[in-house]
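Notes for the one structure printed next.
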Amino acid sequence: MKYYILKRILIIIPTFIGITFITYLMIRLAPGDYTSLRAGVEGELKAGSLSKEIFEQEKKLYGLDKPIIEGYVEWFYKTIKLDFGTSRKDGRKVMSHISEALPITLGLNILSIVIVYIISIPLGIYSSIKKDTVQDRIISLTLFLLYSLPSFWVALLLLKYLSGGDYLNLFPLAGLYSDWFVQLNLFQKAMDILWHLMLPVVTLTYGGFAFLSRYTRATMLDVINQQYIVTARAKGLSEKKVLFVHAFRNSLIPLLTLMATMLPGLLGGSVIVESIFSIPGMGMLAFESILSRDIPIIMAITSISAFLTLIGIFLADIMYAIADPRIRLEAKQ
Numbered sequence: 037m038k039y040y041i042l043k044r045i046l047i048i049i050p051t052f053i054g055i056t057f058i059t060y061l062m063i064r065l066a067p068g069d070y071t072s073l074r075a076g077v078e079g080e081l082k083a084g085s086l087s088k089e090i091f092e093q094e095k096k097l098y099g100l101d102k103p104i105i106e107g108y109v110e111w112f113y114k115t116i117k118l119d120f121g122t123s124r125k126d127g128r129k130v131m132s133h134i135s136e137a138l139p140i141t142l143g144l145n146i147l148s149i150v151i152v153y154i155i156s157i158p159l160g161i162y163s164s165i166k167k168d169t170v171q172d173r174i175i176s177l178t179l180f181l182l183y184s185l186p187s188f189w190v191a192l193l194l195l196k197y198l199s200g201g202d203y204l205n206l207f208p209l210a211g212l213y214s215d216w217f218v219q220l221n222l223f224q225k226a227m228d229i230l231w232h233l234m235l236p237v238v239t240l241t242y243g244g245f246a247f248l249s250r251y252t253r254a255t256m257l258d259v260i261n262q263q264y265i266v267t268a269r270a271k272g273l274s275e276k277k278v279l280f281v282h283a284f285r286n287s288l289i290p291l292l293t294l295m296a297t298m299l300p301g302l303l304g305g306s307v308i309v310e311s312i313f314s315i316p317g318m319g320m321l322a323f324e325s326i327l328s329r330d331i332p333i334i335m336a337i338t339s340i341s342a343f344l345t346l347i348g349i350f351l352a353d354i355m356y357a358i359a360d361p362r363i364r365l366e367a368k369q
């Protein structure tokens, strides 16, 4: 197992370096110098807008006066120390913005992934057992209808009909906490946060039900038709044991692969959800940073998102090895 883990770590390191270099290169080579853009300049300094000395000082501050490779090495060295510099919008440390927004987005997305898997996998297994029956067709039709609905449209409908008082005022209109949050005890605070997260979580999860449940159904049907499943049934094993001990475990590898790819997908989707529901997470922070051309925060968010994606893939690889001993054996050999 340790050989397999070491091999995966050695793959993650150059991959992360490559992603961060491409990110840095895109920012440096983007049309228009973003230091000039911040000063209200395009191509050359305008009279009275900013003196040449201050302009050069700012370029030096953000490493724009150095060659690309040298500037990247310096920036990457600071990045691995979690020193992303200061925000151009308010002068605060970038890491202080990240430390406030990241836990919110991670909590929202991890909760969404757990809910998607808890609902989709049983539905997929049930559909594979009831293949081509009325129940299977109803489940498929319902889930695909949900999958076809745009998330921003669903979010606006939820706000219109379940928040704000026009129809049903069941959930908060925006934000993550109530105004009286500080006066609540620990349990009440947790319930208040869950109350605010209900509609955002629904918006993030409903689209994943159709995809994951159909994928589970397809992999289960593929495994159920294998010869060893026929043999297990012929030996007199119960259908429950055949399905959940033999069939389901061997269908886990594709499902674990999807888990590794769902995290970056949800992080991207949270930009829309957090903006609509005014949740101060990474999505909202990225959206505001792009509008204000706050490049240090944009680069920090990109790097952290890449790192989280690689960690997700690494955890999926570990679960591969746990689910299938053959992977550990191949890595050792």
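Numbering (our numbering), first residue to last: 37 to 369.
No residue lacks a Cβ here, since even glycine has one placed at the ideal position from N, Cα and C.
| query | result |
| --- | --- |
| May I ask which residues mark the beginning and end of the alpha helix (DSSP H) holding residue 56? | 38 to 65 |
| Using the DSSP secondary-structure output, state which residues sit across from residue 122 in a beta bridge. | 129 |
| Terminal residues of the continuous alpha helix (DSSP H) containing residue 210? | Segment: none, residue 210 is in no alpha helix (DSSP H) and carries neither H nor E. |
| Please determine if the stretch 242 to 260 and the stretch 150 to 161 are in contact, where contact requires at least 3 C-beta pairs separated by less than 8 Å. | yes |
| According to DSSP, is residue 199 helix, strand or coil? | strand |
| Please report how far the alpha carbon of residue 372 lies from the alpha carbon of residue 140, in whole angstroms. | As shown, the chain starts at 37 and ends at 369. That puts residue 372 outside it, with no answer to give. |
| Where residue 281 and residue 308 are concerned, what is the direct C-alpha to C-alpha distance, given to the nearest angstrom? | 40 Å |
| Just the Cα atoms here: how many angstroms apart are residue 79 and residue 103? | Note that residue 79 has pLDDT 44, beneath the 50 cutoff, so the model's placement of it is unreliable and the number below is only indicative. If you take the alpha carbons of residue 79 and residue 103, they lie about 19 Å apart. |
| Are the stretch 43 to 58 and the stretch 104 to 119 touching by the rule of at least three beta carbon pairs closer than 8 Å? | yes |
| Any idea if residue 186 is buried or exposed, counting beta-carbon neighbours within 10 angstroms, 16 or more meaning buried? | exposed |
| Between residue 108 and the rest of its own chain, which residues show a CB-CB distance below 7 Å, the 5 nearest in sequence each way excluded? | 57, 60 |
| Rounding to the nearest angstrom, what Cα-Cα distance links residue 177 and residue 120 in this structure? | 47 Å |
| Specify whether the stretch 160 to 176 and the stretch 243 to 263 touch according to this definition: at least 3 beta carbon pairs, one from each stretch, less than 8 Å apart. | yes |
| Can you give the Cα-Cα distance for residue 320 and residue 310, rounded to whole angstroms? | 6 Å |
| Excluding the 5 residues flanking residue 172 on each side, which residues of the same chain have their C-beta closer than 6 Å to its C-beta? | 163, 166 |
| Counting C-beta neighbours from all protein chains within 10 Å, is the total for residue 159 16 or more, i.e. buried, or is it exposed? | buried |
| Please report how far the alpha carbon of residue 147 lies from the alpha carbon of residue 237, in whole angstroms. | 8 Å |
| Please state if the CB of residue 288 and the CB of residue 156 are separated by a distance shorter than 9 Å. | no |
| For residue 196, I'd like the list of residues in its chain whose CB is within less than 8 Å of its CB, leaving aside the five on either flank, ordered along the chain. | 202, 203 |
| Measuring CB atoms only, is the stretch 264 to 283 touching the stretch 207 to 215, in the sense that at least three cross pairs come out at less than 8 Å? | no |
| Report the three-state DSSP secondary structure of residue 145 (helix, strand or coil). | helix |
| Per DSSP, what kind of secondary structure is residue 269 in: helix, strand or coil? | helix |
| Excluding the 5 residues preceding and the 5 following residue 286 in the sequence, name in chain order all residues of the same chain whose CB lies nearer than 7 Å to its CB. | 259 |
| Between the alpha carbons of residue 190 and residue 235, how many angstroms are there, rounded? | 10 Å |
| Where residue 43 and residue 50 are concerned, what is the direct C-alpha to C-alpha distance, given to the nearest angstrom? | 12 Å |
| Following the continuous alpha helix (DSSP H) through residue 262, name the residue where it begins and the one where it ends. | Segment: none, residue 262 is in no alpha helix (DSSP H) and carries neither H nor E. |
| For residue 355 and residue 45, what's the separation of their Cα atoms in angstroms? | 15 Å |
| Using C-beta distances below 6 Å, list every residue in its chain close to residue 342, excluding the 5 sequence neighbours before and after it, in chain order. | 55 |
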